[in-house]
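Asker: Keeping their order, the protein sequence lines are chains A and B.
Positions 43 to 300 (my numbering) are the ones given, in order, by the first sequence.
Positions 243 to 415 (my numbering) are the ones given, in order, by the second sequence.
The structure is given below, and queries will be raised subsequently.
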Amino acid sequence: MTESTPSAGSDDLFEYLLRLGDDRLVLGHRLSEWCGHGPILEEDIALANIALDLIGQATIYLGLAGEVEGKGRNADALAYFREGVEFRNLQVVELPRGDFAFTIARQFFFDAFSFHQMEGLQKSANKELAGIASKGYKEVRYHLRHSSEWLQRLGDGTEESHNRTQGALDELWRFTGEMFAADDVDKRLADAGVTPDLGTIQTKWRAMISDVIQRATLAIPSDTFMLAGGRSGRHTEYLGHMLSEMQIVARSHPGAEW
Amino acid sequence: MTVTTGKAAATRDALLELLSSIKDPELPVVDIVELGIVRDISVEGDSVQVDVTPTYSGCPAMQVIEQDIVQALEADGFRKVKVRYVFSPPWTSDWLTERTKMKLREFGIAPPTAVEDLGAEQLVALRRSRTTIECPYCGSSNTDEKSEFGSTACKAIHYCNSCQQPFDYFKSF
Chain A
43 MTESTPSAGS DDLFEYLLRL GDDRLVLGHR LSEWCGHGPI LEEDIALANI ALDLIGQATI
103 YLGLAGEVEG KGRNADALAY FREGVEFRNL QVVELPRGDF AFTIARQFFF DAFSFHQMEG
163 LQKSANKELA GIASKGYKEV RYHLRHSSEW LQRLGDGTEE SHNRTQGALD ELWRFTGEMF
223 AADDVDKRLA DAGVTPDLGT IQTKWRAMIS DVIQRATLAI PSDTFMLAGG RSGRHTEYLG
283 HMLSEMQIVA RSHPGAEW
Chain B
243 MTVTTGKAAA TRDALLELLS SIKDPELPVV DIVELGIVRD ISVEGDSVQV DVTPTYSGCP
303 AMQVIEQDIV QALEADGFRK VKVRYVFSPP WTSDWLTERT KMKLREFGIA PPTAVEDLGA
363 EQLVALRRSR TTIECPYCGS SNTDEKSEFG STACKAIHYC NSCQQPFDYF KSF
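Written out as structure tokens, the structure reads:
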């Protein structure tokens, strides 16, 4: 891990790997809550499959974060033994799963972001990050296909599905600005060629989601005040509740194996 | 690359042969070498490192496979066995040989077609053209995709309209 980041230090890389890992861990957990509750069996299986991919990706990023940090923490230690304020995920991924329309709308916004993020990271000056992204890129492609197809079916479906999906887009919109709010960590890493520029990703994201939302006969929400804070550990009330459930087994039985 | 344990046959090829005895726990007709997830083996004294690449990031079979690799090589006399995960180049179903695809078909799983690289625009379009998948039971092309997601990350659920059987399709990925 020494080859790549001349100006951006390993602290920045650690921070960024937590962001990548926590987005996927928290969203994967939220998605896994659908297991056994999907609207149809095939969809139940689909959501569980995607959740598994996201948690698998999180394991890779958090494992690497632990190596970069060099304090002996592995992926499990980072996932199960950090407090809410230490999590670096976007607030949008921690919101309760809502109804199926809300879940699909959230997946779609995140998938479109992750797709362009992974596309850019494949060219990272950090070879390890680039290699992992080449794998993630292949997976996010079919995640995006899944969520964008559903968004179009729901939007262009019944009056009920249309209204619920429009409601979900409107509700989620104020959480989307955080994806592109670059802080010093992002700027240093982008300058060093380690990560793609968030402004460029935002432009591509906006074009992609506008296209799909229009095909879905839905309206792009009007711009509003954007919430932020997840990247620096300020979260909604929902993360703590989710973590208490996600972490309880590991914390009740530390070191347990099966 | 001398092996101190008396297992003089521990050349790379012989070790690959040894690892070929390990089956994918979720696809018991296919071994881990022909699946393409064993990427490299390096031996130094009584230590060995095996580079593996996961098929999918969240594949739950990887842990079992890792344990199987460690067990097989320790049983072969190695004192230190390290399994290292590599992610680049990413695994692709194109690495499956024709022989492996045949084995899948005989097992009742339709083998993957060649990977197509869809552009971003086709990716988000609702009606995309789908490659016809042949039924592994009767060979009919009159089949439908029921779900792109199946019992494992690597499989999709299809249905044959000719013999009226649901079947697994090993996804092109």
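C-beta: ideal position from N, C-alpha, C; glycine also.
For Glu136 of chain A and Glu181 of chain A, what's the separation of their Cα atoms in angstroms?
Answerer: Along the first sequence, read from residue 1 onward, the residue named residue 136 of chain A stands at position 94. Along the first sequence, read from residue 1 onward, the residue named residue 181 of chain A stands at position 139. Rounded to the nearest angstrom, the two C-alpha atoms are 21 Å apart.
Asker: Taking 8 Å as the threshold (C-beta atoms), are Lys388 of chain B and Glu84 of chain A in contact?
Answerer: Locating residue 84 of chain A in the first sequence gives position 42, where the first residue counts as 1. Locating residue 388 of chain B in the second sequence gives position 146, where the first residue counts as 1. Against a cut-off of 8 Å, the Cβ pair of Lys388 of chain B and Glu84 of chain A comes out as a contact.
Asker: Report yes if the CB atom of Ser284 of chain B is closer than 8 Å to the CB atom of Phe415 of chain B, and no otherwise.
Answerer: For the purposes of this step, residue 284 of chain B is taken as residue 42 along the second sequence, with counting starting at 1. For the purposes of this step, residue 415 of chain B is taken as residue 173 along the second sequence, with counting starting at 1. In this structure, Ser284 of chain B sits away from Phe415 of chain B, with a CB-CB distance that is not shorter than 8 Å.
Asker: According to a CB-to-CB cut-off of less than 7 Å, which residues of the segment 102 to 135 of chain A neighbour chain B?
Answerer: Listed by position along the chain: Ile102.
Asker: Which stretch, first to last residue, makes up the beta strand (DSSP E) that contains Thr385 of chain B?
Answerer: Numbered from its first residue, the second sequence carries residue 385 of chain B at position 143. Note, Thr385 of chain B: beta strand (DSSP E), Thr385 to Ser389.
Asker: Cα-Cα, which of B:Ile399, B:Cys380, B:Gly392 and B:Tyr379 is closest to Asp386 of chain B?
Answerer: Walking along the second sequence from the start, residue 386 of chain B turns up at place 144. For Asp386 of chain B, the nearest C-alpha among the options comes from B:Ile399.
Asker: Counting only Cβ pairs nearer than 8 Å, list the residues of chain B close to Tyr165 of chain A.
Answerer: The residue labelled residue 165 of chain A in the question sits at position 123 within the first sequence. One detail in the question is off: residue 165 of chain A reads as Lys in this sequence, not Tyr. Chain B residues near Lys165 of chain A: none, gap ~12 Å exceeds 8 Å.
Asker: Starting from Val280 of chain B, trace the beta strand (DSSP E) in both directions and tell me its first and last residue.
Answerer: Here residue 280 of chain B refers to the residue found at position 38 when the second sequence is read from its first residue. Val280 to Glu286 is the span of the beta strand (DSSP E), which, as asked, contains Val280 of chain B.
Asker: Taking the straight line between their C-alpha atoms, what separation do you get for Gln353 of chain A and Ile262 of chain A?
Answerer: The requested residue 353 of chain A does not occur in the structure, where chain A is confined to residues 43 to 300.
Asker: Mind pulling the chain A residues with CB within less than 7 Å of Pro332 of chain B?
Answerer: Working through the second sequence from its first residue, we reach residue 332 of chain B at position 90. Residues of chain A passing the Cβ test: Ser176, Lys177 and Lys180.
Asker: Count the other C-beta atoms from every protein chain shown that fall within 10 angstroms of the C-beta of Cys377 of chain B, then say buried if there are 16 or more, exposed otherwise.
Answerer: Position 135 of the second sequence holds residue 377 of chain B. Under this definition Cys377 of chain B is a buried residue.
Asker: In the DSSP assignment, what residue or residues form a beta bridge with Cys402 of chain B?
Answerer: Position 160 of the second sequence, counting from 1, holds the residue named residue 402 of chain B. Looking at the DSSP assignment, Cys402 of chain B forms a beta bridge with B:Thr385 and B:Gln407.
Asker: Please list, in chain order, the chain A residues whose beta carbon lies closer than 8 Å to that of Ala395 of chain B.
Answerer: In the second sequence, residue 395 of chain B corresponds to position 153, counting from 1. Near Ala395 of chain B (Cβ distances below 8 Å), the residues of chain A are Asn91, Leu94 and Asp95.
Asker: Of all the CB atoms in chain A, is at least one closer than 8 Å to the CB of Ile274 of chain B?
Answerer: Locating residue 274 of chain B in the second sequence gives position 32, counting from the first residue. No - not a single Cβ of chain A is within 8 Å of the one on Ile274 of chain B.
Asker: So is Asn91 of chain A buried or exposed if we call it buried at 16+ other beta carbons inside 10 Å?
Answerer: Along the first sequence, read from residue 1 onward, the residue named residue 91 of chain A stands at position 49. Answer is buried; the Cβ neighbour count reaches 16.
Asker: Using the three-state DSSP reduction, which class does Val291 of chain A fall into: helix, strand or coil?
Answerer: What you label residue 291 of chain A is simply residue 249 of the first sequence in a count that begins at 1. In the structure shown, Val291 of chain A sits in a helix (DSSP, three-state: H, G or I).
Asker: Answer with buried or exposed for Lys177 of chain A, where buried requires no fewer than 16 other C-beta atoms within 10 angstroms of its C-beta.
Answerer: Position 135 of the first sequence, counted from the start, is the residue given in the question as residue 177 of chain A. Looking at its Cβ environment, which holds 16 or more other Cβ atoms inside 10 Å, Lys177 of chain A is buried.
Asker: Taking 8 Å as the limit between beta carbons, can you name the residues of its chain near Ser263 of chain B, skipping five residues before and five after?
Answerer: Counting from 1 along the second sequence, the entry for residue 263 of chain B is found at position 21. Once the five neighbours on either side are set aside, the close Cβ partners of Ser263 of chain B are Asp273 and Ala314.
Asker: Tell me which same chain residues have a C-beta within less than 6 Å of the C-beta of Tyr401 of chain B, skipping the five on either side of it?
Answerer: Stepping through the second sequence from its first residue, residue 401 of chain B is reached at position 159. Here the set comprises Asp386, Lys388 and Pro408.
Asker: Which of the three DSSP states is assigned to Ser277 of chain B in this structure?
Answerer: Locating residue 277 of chain B in the second sequence gives position 35, counting from the first residue. According to the sequence shown, residue 277 of chain B is Leu rather than Ser. If DSSP states are grouped into helix, strand and coil, Leu277 of chain B belongs with coil.
Asker: Looking at C-alpha atoms only, which residue of A:Arg124, A:Ser74 and A:Ala175 is the closest neighbour of Arg293 of chain A?
Answerer: Numbered from its first residue, the first sequence carries residue 293 of chain A at position 251. That would be A:Arg124, whose Cα lies nearest to the Cα of Arg293 of chain A.
Asker: Could you please give the first and the last residue of the uninterrupted alpha helix (DSSP H) stretch that includes Asp293 of chain B?
Answerer: Your numbering for residue 293 of chain B matches position 51 in the second sequence. No alpha helix (DSSP H) holds Asp293 of chain B; the beta strand (DSSP E) holding it covers Ser289 to Val294.
Asker: Rounded to a whole number of angstroms, what is the C-alpha to C-alpha distance between Glu191 of chain A and Leu89 of chain A?
Answerer: By 1-based counting over the first sequence, the position of residue 191 of chain A is 149. By 1-based counting over the first sequence, the position of residue 89 of chain A is 47. Taking the straight line joining both Cα atoms gives about 14 Å.
Asker: Identify each residue in the segment 234 to 263 of chain A for which the Cβ-Cβ distance to at least one residue of chain B is less than 8 Å, and report them in chain order.
Answerer: Met250, Asp253, Val254 and Arg257
Asker: For Asp266 of chain B, write down the residues that DSSP places opposite it in a beta bridge.
Answerer: Indexing the second sequence from 1 puts residue 266 of chain B at position 24. In the DSSP output, where bridge partners are listed per residue, Asp266 of chain B has B:Leu269.
Asker: At least one CB of chain B closer than 8 Å to the CB of Ile87 of chain A: is that the case?
Answerer: Residue 87 of chain A sits at position 45 when you count from the first residue of the first sequence. Yes, Ile87 of chain A counts as interfacial toward chain B.
Asker: Please list, in chain order, the chain A residues whose beta carbon lies closer than 8 Å to that of Val294 of chain B.
Answerer: The residue labelled residue 294 of chain B in the question sits at position 52 within the second sequence. Chain-order list of chain A residues neighbouring Val294 of chain B: empty, with the shortest C-beta distance near 13 Å, by a criterion of under 8 Å.
Asker: Using a C-beta cutoff of 8 Å, does Tyr298 of chain B count as contacting chain A?
Answerer: Here residue 298 of chain B refers to the residue found at position 56 when the second sequence is read from its first residue. At least one CB atom of chain A sits nearer than 8 Å to the CB of Tyr298 of chain B.
Asker: Evaluate Trp76 of chain A with the Cβ neighbour count: other Cβ atoms within 10 Å of its Cβ, from every protein chain shown; 16 or more gives buried, anything less gives exposed.
Answerer: Taking the first residue of the first sequence as 1, we reach residue 76 of chain A at position 34. Label assigned to Trp76 of chain A: buried.
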